[in-house]
Amino acid sequence: MDFSLSEEQRMLKDTVERLVRETYDFEKRQKIAASEEGFSRDVWGQLAELGMLGVPFAEEFGGLGSGGVDLMILGEAMGRGLVVEPYLSTVVLGGGLIDLLGSAEQKESLLNAVVGGETLLAFAHGEPDSRYEPAHVRCKAEKTGGGWTLTGRKSVVLNGAAADQLIVSARISGGHDDEDGIGLFLVGKDAANLKVHGTPGIDGTHVAEIALDGVEVGADAVLGTPGACFAAIEEVMARAIVMLAGEAVGAMEVAVETTVEYLKTRKQFGKALSQFQVLQHRAVDMRISLEQAKSLAVLAAARLGEPRAVREMAISAAKAGIGQHARIVGELAIQLHGGIGMTWEVPVAHYAKRLVMIDHLFGDTDHHLERFAALSDAAA
Amino acid sequence: MDFSLSEEQRMLKDTVERLVRETYDFEKRQKIAASEEGFSRDVWGQLAELGMLGVPFAEEFGGLGSGGVDLMILGEAMGRGLVVEPYLSTVVLGGGLIDLLGSAEQKESLLNAVVGGETLLAFAHGEPDSRYEPAHVRCKAEKTGGGWTLTGRKSVVLNGAAADQLIVSARISGGHDDEDGIGLFLVGKDAANLKVHGTPGIDGTHVAEIALDGVEVGADAVLGTPGACFAAIEEVMARAIVMLAGEAVGAMEVAVETTVEYLKTRKQFGKALSQFQVLQHRAVDMRISLEQAKSLAVLAAARLGEPRAVREMAISAAKAGIGQHARIVGELAIQLHGGIGMTWEVPVAHYAKRLVMIDHLFGDTDHHLERFAALSDAAA
Amino acid sequence: MDLNFTPEELAFREEVRTFLKSKLPDDIRAKIKGGKRLVKDDYFRWHKALSEQGWLGSNWPTEYGGPGWDPVRKHIFEEECYAYGAPRILPFGVNMVAPVIMKFGNQAQKDYYLPRILDLTDWWCQGYSEPGSGSDLASLRTSAVREGDHYIINGQKTWTTLGQHADMIFCLVRTNPDAAKPQEGISFILVDMNTPGVTVRPIILLEGEHEVNEVWFDNVKVPAENLVGEENKGWTYAKYLLTHERTGIANVGSSKAALLHLKAIARDQVKNGRPLIEDPLFRNRIAKVEIDLMAHEMTNLRVLAEVQSGGAPGLESSILKIRGTEIRQEITDLARRAIGPYAMPFQSEALDEGFNGEPVGPDYAAPIAQQYFNMRKLSIYGGSNEIQKNIIAKAGLGL
Amino acid sequence: MDLNFTPEELAFREEVRTFLKSKLPDDIRAKIKGGKRLVKDDYFRWHKALSEQGWLGSNWPTEYGGPGWDPVRKHIFEEECYAYGAPRILPFGVNMVAPVIMKFGNQAQKDYYLPRILDLTDWWCQGYSEPGSGSDLASLRTSAVREGDHYIINGQKTWTTLGQHADMIFCLVRTNPDAAKPQEGISFILVDMNTPGVTVRPIILLEGEHEVNEVWFDNVKVPAENLVGEENKGWTYAKYLLTHERTGIANVGSSKAALLHLKAIARDQVKNGRPLIEDPLFRNRIAKVEIDLMAHEMTNLRVLAEVQSGGAPGLESSILKIRGTEIRQEITDLARRAIGPYAMPFQSEALDEGFNGEPVGPDYAAPIAQQYFNMRKLSIYGGSNEIQKNIIAKAGLGL
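Residue numbers (UniProt numbering), protein chains in the order written: chain V, 1 to 380; chain P, 1 to 380; chain D, 1 to 399; chain G, 1 to 399.
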C-alpha cells in the first residue's frame with residue numbers, strides 16, 4: 001500500500017496549481033464565467049502549452065498514462081480556483097471516448113487537436129428524461145446510405161455550445177434503457193439540422209440543450225462499434241467522477257480555509273466569531289467532511305484502473321459520499337459567513353454553489369447510493 | 001379550533017399526575033420493573049379505585065367517553081413516571097377490543113372486571129415474522145365442533161405473562177397478509193396447549209412469547225365477527241399509539257428537565273457544563289424535539305375520533321415523528337450526562353431506554369413514514 | 001380540544017377564497033405559481049386589493065383600520081393567500097413600522113403615517129442592520145446628530161429588502177455615542193428616501209437576484225419631528241418591533257404551498273421509469289418533511305391559541321423561527337434534487353414576465369436552484385438560527 | 001499511489017488467518033459471533049494464544065518482544081482478528097501502561113513489568129477518571145502522600161474497565177495539591193490491586209452489564225519504587241498514553257465485522273414480504289454507512305501511512321475518534337432497527353455460555369438492543385466527541 005505521489009505527479013500538481021494560482025484569480029474567474037463562451041481561450045492555450053490537455057492519454061499523445069491520480073490532482077487544483085475551463089467535456093469525456101474507441105485516424109486527427117488545444121469537444125449524452133441513468137438513450141441513429149441520421153434531444157450538455165465537435169450518443173437498437181444498442185457519433189458544430197442552445201449554469205459553468213432534427217453524418221463519424229459503446233461511456237464517466245471528486249475536494253479546502261479565516265476576523269458581541277464554541281464545532285464539521293471527501297477521492301482515483309466491479313464500487317462510493325460532504329461544506333460555509341456569504345461579491349458563495357451543483361452531475365447522491373448498494377450486493 | 005382541556009380532563013390530569021408523583025418514585029419503579037410480574041398489584045388497585053382503568057370506555061363502564069385527549073393525558077403522566085403498569089395491554093388494547101367488538105355479555109363481565117382492576121388482559125397479536133405489519137397473521141383458527149382450535153405463535157406480547165385472559169388474533173381465511181379473514185379469540189391463561197414465556201423488556205416493561213399448540217376455545221370465546229376484526233385492531237392500535245405518544249412526551253419532558261438541571265450542576269474545566277455553548281444548543285435541540293413531539297401527540301389525540309383516513313394519517317405522522325424525536329432526546333440525554341448517563345443507577349438512562357424502545361412498538365419510524373406517504377397519496 | 005374550524009371560521013375561509021379569486025390579478029398569481037420575478041407594480045396591485053378590502057393591516061386593531069382578526073383567522077388568511085398563489089404581504093410598513101408608531105408614536109405621527117401605509121401612499125423599507133452589526137444589532141454605528149430642529153444622519157445600512165422601491169425608511173441610529181451600554185444611545189427615526197444624501201446601492205445575492213440593498217446616509221437632514229418616541233430609547237422600540245416581526249415567522253403557509261409544488265414536481269419527474277414521487281427514498285423524504293410541517297403547524301397554532309388567551313410566547317417563537325426556516329429550506333432542497341440535471345441551467349431571463357425564449361427543461365425548473373440558494377438566507381436573517389438557540393438556551397432553559 | 005497490498009502484505013494476511021484458524025478457540029469465536037458474554041478465562045486464552053505467537057505486543061518494538069510490524073501490518077492484523085471473530089485485545093497492559101513504562105520507566109520497572117505483561121502474569125486496569133473529573137481529567141483529586149519509602153493513596157477512581165479481573169492498576173494521583181496549575185501536581189503510579197485498602201465496586205451500565213467499576217483507595221500503602229518517572233510529572237506521561245491509546249481508536253476492524261453482521265441480519269429479517277436488505281430505505285442506510293466506513297478506513301490508512309513515513313497525526317486522530325465512534329454507533333443503531341419488535345425482550349441469561357433456555361426471536365436478536373445502548377459510551381469515553389471537536393478547533397484550525 002502506498003499513498004505517495006510519483007515524481008511526475010508531484011510535478012503535475014505543482015504545474016497546475018501554479019497555473020491556477022497565477023492566472024485564475026477570483027475576479028478573472030468571474031469574468032470568464034460570465035463570458036459568452038464560458039471559458040478563456042487564453043487560459044486554454046496555456047493549459048495546452050503546459051501539456052495539461054494530454055494528461056489522461058497515452059504517452060504518444062503527451063499523457064502520463066498513470067490514470068486516476070492525475071485526474072484527481074488536476075481536479076483538486078481546478079477546484080481550488082473554481083476553474084470553468086472545458087476540461088471535463090473536452091479532455092476527459094470527449095478525449096476519453098476517442099482514446100477508448102477511436103480508430104487510429106480519429107485519434108491521430110482529433111486527440112492531437114484536443115491535446116494541442118485546437119479542438120473543443122462535448123459529450124452530448126443526457127436527455128430530457130434520462131435523469132442520471134447513463135444507459136437511458138432515446139435519441140435515434142438510423143443507417144441511411146453510407147452514413148447515419150440522428151434524431152433526438154440532448155440535455156444539460158457540458159460546454160455544448162463551445163464545442164467544435166459533439167460526440168452524440170444515439171440508439172441503434174434495444175429499449176431506451178438498455179446498455180446494449182448505443183452508438184456514438186461525431187457531429188460538427190455546423191451540421192445541418194443541429195440546434196445548440198447554450199445557457200450559463202447556476203455555478204458559472206456552461207451547458208447546452210441540443211436538438212438533432214435529422215442530422216446526417218458519414219461513416220467516418222462513427223466512434224467505436226455502433227451498439228457496443230456503453231462500457232466506454234461508463235468508463236469515461238468514471239474518469240469524470242474522479243476528476244470531479246478532486247474538484248470537490250479542492251473547492252472544499254478553499255471553503256473551509258475561507259470560513260475559518262472569516263471566523264477569526266469577524267466580530268460579534270465584542271468577540272471574534274471564532275470564540276463561539278458552536279461556530280467552532282461547525283467549522284470542525286466542515287473540516288471532518290473535507291477529510292472524508294479526500295479519502296473518497298483518493299479511493300476512487302486509485303481504483304480507476306481496476307476491473308469494472310472494483311472500480312465502479314469506488315466510483316459510486318465517492319460520488320455518493322462527496323455529494324453529501326460537499327453539501328454540508330457548501331451550506332455551512334454560507335451559514336457561518338452570515339449575510340455576507342449570501343452575496344454575489346464574495347468568492348465563498350460561488351464555492352458553495354459549485355459544491356452543491358457537483359451533486360447534479362453524473363448521478364447524484366441518491367443515484368449512486370442505490371447503485372453502490374447493487375454493486376455491493378453483487379460483490380458479496 | 002380549541003386547545004383547552006375540559007373540566008373533566010383537567011381533573012383526570014391532576015388525579016393521574018398526583019398518583020404517579022406520590023406512588024411511583026424512581027426507586028419503587030425500578031423494583032416494580034424488576035419484579036416477576038413486572039407491575040404492581042398495589043398501584044393497579046389504586047388506579048382502579050381512582051377510576052383510571054375505565055377512562056377510555058363509555059360512561060356506563062366508568063369512562064369519560066371523550067377519547068384521545070384522555071389517553072394522551074394518561075400517557076403523559078405515566079411517561080413522566082416511567083410507569084410500567086399494564087395499562088396499554090389491559091385497558092387500551094384488551095379493553096378496547098372488548099369495547100369495540102364484545103357482545104353485551106362480554107362487556108358486562110369483562111369490561112367491568114377490567115375497570116375494577118380484577119382482570120388483566122393482553123393482546124396476543126404480533127408474530128415471529130410479522131415485524132410491524134398489523135394485518136400479518138399466520139396463527140390459524142379452525143372451527144372444531146362448537147368452538148375453535150388455535151394454532152400458531154405470538155411474539156413480543158405486552159404483559160402477556162401477567163394476563164388472565166389473552167385476546168388472540170388468528171386467521172380464519174385469506175392470505176397471511178390480508179386484512180380480511182382475521183378473528184379474535186379470548187383464551188384463558190390456564191388453557192391447555194397454551195405456553196406463555198414471559199421475559200423482561202430492555203426498558204423495564206414485560207413481554208411474552210406465546211405458543212398455541214392446538215388451543216381449544218368455545219363459541220363464547222369469539223370476539224366480534226370472525227374474519228372481520230381488522231378495523232377494530234387498527235382502531236385499538238391507534239388508541240395505543242395516542243397513549244404511547246403521550247407517554248413519549250412525558251418521558252421526554254423529564255429527560256429534558258433532568259438534562260438541563262444536570263448541565264447547570266455539573267462542572268468541568270472550572271465551569272458549569274451549562275456555560276458551554278455547544279452543550280446549550282444540544283439541550284435546545286432536545287427542547288425543540290420535545291415541542292414537535294407534543295404537537296404531534298396533540299394532533300393524534302385530537303384526530304382519534306375522526307374518520308379512518310384522517311385519523312390514521314395523524315396516527316402515522318405522530319408515531320413516525322415521535323420515533324425520531326424520542327431518539328434524539330434519548331440519545332442526547334445520555335450524551336449530555338456523559339459517563340453518569342451510561343449507568344443503571346441514574347433515572348435518565350432508563351428514560352432514554354424507554355424513549356428509544358417506544359419506536360419498536362406498533363410500528364417504527366420507517367413503517368409509519370411509508371404508511372403516512374401512502375395515506376397522504378390517497379388523501380390527495 | 002378540537003382542531004376543527006368552527007362554522008364561523010369555515011365561513012371566513014370561504015370569504016378569503018372568494019376575495020382571492022376575484023381580486024388577485026391572474027398574471028400575478030401565474031408569476032407566483034411559476035416562480036417568476038415580481039416587479040414593484042405586482043406588489044402594488046396586490047397590496048392595493050388588500051387595502052381596498054380593508055385587509056392589508058391584518059394585525060392592526062380596528063381603531064386604526066385593521067379587520068380585528070383573532071389569531072386563528074390570521075392563520076387562515078395567511079394559509080389561503082399562499083395556497084391560492086398570492087405574493088407575500090411586505091411587512092416593512094404594515095407589520096413593522098406601523099406597530100411601533102401605534103405604540104410609541106405621537107398623535108401627529110399616527111394621524112399622518114398610518115393612513116398612508118394602509119392606502120399605499122408610502123412604501124417602507126427597513127434600516128436596521130449595518131455591515132458591522134448583523135446578529136449583534138446593538139453595535140450599530142450610523143449616527144444622528146441633533147442640529148436645531150433637525151437630525152443629521154451619517155452612516156450605512158444594509159440588507160435593506162426592496163429598498164429600491166421604497167419611499168420611506170425607518171432607521172435605528174446612534175444618538176448618544178457615549179452611552180454606558182451600546183443599547184442605550186439608540187434612537188428610532190423615520191427618513192424620507194428622497195432626502196438629499198440618501199443613496200441606495202443594490203446588493204446582488206449569490207443566486208443573482210437584486211432583492212436587498214445598501215442604503216448610504218451622507219449628511220442627511222431629517223426633521224426632528226420624525227423621531228419616534230424618546231431620543232435614546234430606540235432599542236426598546238426595536239425589540240418591540242422584532243417581537244411583532246416574529247409572529248409571521250413560522251412560514252407555515254408558504255411551506256405548505258411549497259410542499260404542494262414539490263409534490264407536483266415529484267409527480268412529473270421520472271426516476272427508474274416511475275414517477276419520482278413513487279421512489280421509496282424520495283417519497284420517504286417528502287413524508288418526513290410533510291410530518292415535520294404538520295407538527296410545526298400544530299406548534300404554531302398552539303402558540304397562537306396561547307396568545308389569544310392572553311399568554312405571551314416565550315421560547316416558542318424562537319422554536320417557530322428555527323423549525324419554520326429549517327422546513328422551508330428542506331423543501332427547497334428536495335425541489336432542487338427533484339429536478340436532477342435541470343437544476344444546472346441558469347436562465348435568469350426566463351423568470352421575467354413575457355419571456356418567450358426557448359425554455360430549458362420542464363417549465364417549473366428555471367427558478368428551483370435559485371430558490372434553493374436564496375433560501376439559505378432564512379437561517380441567517382431575522383436573528384440567525386444560532387442566535388435563536390442562544391435565546392432559547394438562556395431565556396427558555398435558564399442555561 | 002497504490003491501494004493494493006504488496007505480495008508481502010498479502011502473505012502476512014495469510015499468516016494471520018492461519019494463526020486465527022488454528023489458535024483462536026472455537027468457543028470464544030462462537031461467543032463473539034453470537035454477541036455472547038465473555039468471561040475472564042476467554043480473554044485469558046485469547047491473549048495467551050497471542051502471547052505464545054509473539055503477537056500480543058503488536059505495537060511494541062522488537063527489543064521488548066514486539067513483532068515490529070509497520071502500520072499497514074497492524075491494520076491487517078486488527079482487521080483479520082475482527083473479521084474472524086477474535087475478542088478485542090485488552091489495551092490496559094499492553095497498549096497503555098507498557099508504552100509509558102518503556103518511555104518513562106526505569107530499567108528495573110522495564111525488566112519487571114514488561115515481561116509480566118507479555119506473558120499475562122499481570123492483568124492491568126486503568127485508574128484515570130474520577131467521579132468529579134471526566135473530560136476534565138486534570139482536576140483529579142485522588143491523593144498520594146509520600147511517607148518514607150511509600151506513598152499513601154486515598155481517593156476514588158471510576159469507569160475502570162474490567163477492574164474486577166485486574167491484578168494491577170496504573171493511576172494518576174495528585175502528589176502536590178498546591179501546584180500552580182492542576183496539571184502540575186500529578187504523578188503516575190502503579191498499584192497492586194491486592195494491596196489492603198483497595199476496593200473494587202461494580203458499576204452496572206444502563207444496559208445491565210458489569211463492565212466497569214469504581215476503585216476505592218483507603219490509605220493504600222504503595223512502595224515508592226512504583227512511581228513511574230518523576231514525581232509531579234505524571235501529566236506528561238498521561239498525555240503520552242492518551243496519544244498511544246488513540247492509535248486504535250478508528251474502530252475500523254470492529255466496524256467492518258459489525259457491518260457484515262448487520263447485513264446478515266438484514267438478509268434474514270423480512271419486511272413487506274422481502275428480505276429487509278432489499279428494502280430501499282434500509283438498503284440505502286446500509287450503503288451510506290458502508291461508504292462512510294470506506295472513507296473512514298481510507299482516512300485511517302492515510303494517517304497510518306503518514307505515521308509510517310515519520311509524520312505525527314494531528315487533528316486527524318481526533319477525526320478518527322469522532323468518525324470511528326459515529327460509524328460504530330450508526331451500525332448498532334441499524335441493527336437495533338433491523339430486528340424490529342425483537343429488540344424489546346431482554347434475555348440477559350441468554351448471553352451466558354451454555355444457556356439452554358427457550359430462545360426469544362432469532363438467535364442473533366438477544367444482544368442487539370443491549371449493544372446499541374452500550375455503544376452510546378463510544379462518543380463519551382476516551383475524550384468525548386465534543387472534546388475532540390474542541391481539540392480540532394483549537395489545535396487543528398487555530399480557532
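For glycine and all other residues, C-beta sits at the position ideal for the given N, C-alpha and C.
- The C-alpha of Glu-209 of chain G is placed about 32 Å away from the C-alpha of Ile-152 of chain G.
- Assignment of Glu-297 of chain D by DSSP, reduced to helix, strand and coil, places it in the helix class.
- DSSP places Val-360 of chain D in the coil class of the three-state scheme, outside both helix and strand.
- Note on Ile-204 of chain G: under 16 other CB atoms within 10 angstroms of its CB, so exposed under the neighbour-count rule.
- Classified as buried, Lys-154 of chain V has 16 or more neighbouring CB atoms from the shown chains inside 10 Å of its CB.
- Remark: C-beta atoms of Ser-316 of chain P and Leu-361 of chain P do not approach each other more closely than 8 Å.
- Apart from the 5 residues on each side of it in sequence, Ser-348 of chain G sits with its Cβ closer than 7 Å to the Cβ of Gly-208 in its chain, given in chain order.
- About 5 Å separates the Cβ atoms of Asp-122 of chain D and Met-168 of chain D, confirming a contact at the 8 Å cut-off.
- Gln-275 of chain V has a beta carbon lying at 8 Å or more from every beta carbon in chain D.
- Using beta-carbon distances, Arg-17 of chain G does not count as an interface residue toward chain V, since no partner is under 8 Å.
- Nearest to Lys-256 of chain G by alpha-carbon distance, out of G:Asn-232, G:Val-215, G:Ile-189 and G:Arg-328, is G:Arg-328.
- Under the criterion of beta carbons closer than 8 Å, Met-78 of chain V and Glu-253 of chain V do not qualify as touching, at roughly 12 Å.
- Residue burial annotation: Gln-107 of chain G is exposed, with fewer than 16 other C-beta atoms found within 10 angstroms of its C-beta.
- Going by C-alpha positions, Ala-49 of chain G is about 12 Å away from Gly-57 of chain G.
- The bridge partners DSSP lists for Leu-212 of chain V are V:Gly-152 and V:Leu-194.
- In this structure, Ile-291 of chain D keeps its C-beta atom at 8 Å or more from the C-beta atom of Ala-219 of chain P.
- Taking C-beta atoms as the reference points, Phe-346 of chain D and Ile-358 of chain V fail to come closer than 8 Å.
- Here Phe-188 of chain G is not near Gln-126 of chain G, since their CB atoms are 8 Å or more apart.
- Straight-line measurement puts the Cα of Pro-131 of chain G at about 15 Å from the Cα of Arg-174 of chain G.
- In this structure, DSSP gives Cys-171 of chain D an extended state, which the three-state scheme calls strand.
- Beta-bridge annotation (DSSP): Asp-268 of chain D is not paired with any residue.
- Counting along the chain, no beta strand (DSSP E) covers Trp-69 of chain G, and no H or E run does either.
- Residue range 150 to 157 is occupied by the beta strand (DSSP E) that includes Tyr-151 of chain D.
- Here the region 283 to 297 of chain V lies against the region 327 to 339 of chain V, with 3 or more beta-carbon pairs under 8 Å apart.
- Scanning D:Gly-68, D:Arg-37 and D:Asp-136 for the CA closest to the CA of Leu-273 of chain V turns up D:Asp-136.
- Sequence-distant partners of Leu-71 of chain P (beyond 5 residues in either direction) whose C-beta falls short of 8 Å from its own C-beta, in its chain, are Val-55, Pro-56, Val-92, Arg-239, Val-242, Met-243, Gly-246, Ala-301 and Leu-304.
- Cα atoms of Leu-111 of chain V and Gly-224 of chain V: separation of roughly 15 Å, rounded to the nearest angstrom.
- Contacts between Leu-38 of chain G and chain P, judged by CB atoms closer than 8 Å, are missing: the closest CB pair is about 19 Å apart.
- About 7 Å separates the Cβ atoms of Leu-82 of chain P and Ala-251 of chain P, confirming a contact at the 8 Å cut-off.
- Taking every protein chain shown into account, the CB of Ala-192 of chain P has fewer than 16 other CB atoms within 10 angstroms, so this residue is exposed.
- The criterion of a C-beta distance shorter than 8 Å is satisfied by Arg-13 of chain D and Ile-76 of chain D.
- Apart from sequence neighbours up to five positions away, the residues of its chain that approach Ser-130 of chain P with a beta-carbon distance below 6 Å are His-136, ordered along the chain.
- Nearest CB-CB separation between Asn-284 of chain G and chain V: below the 8 Å threshold.
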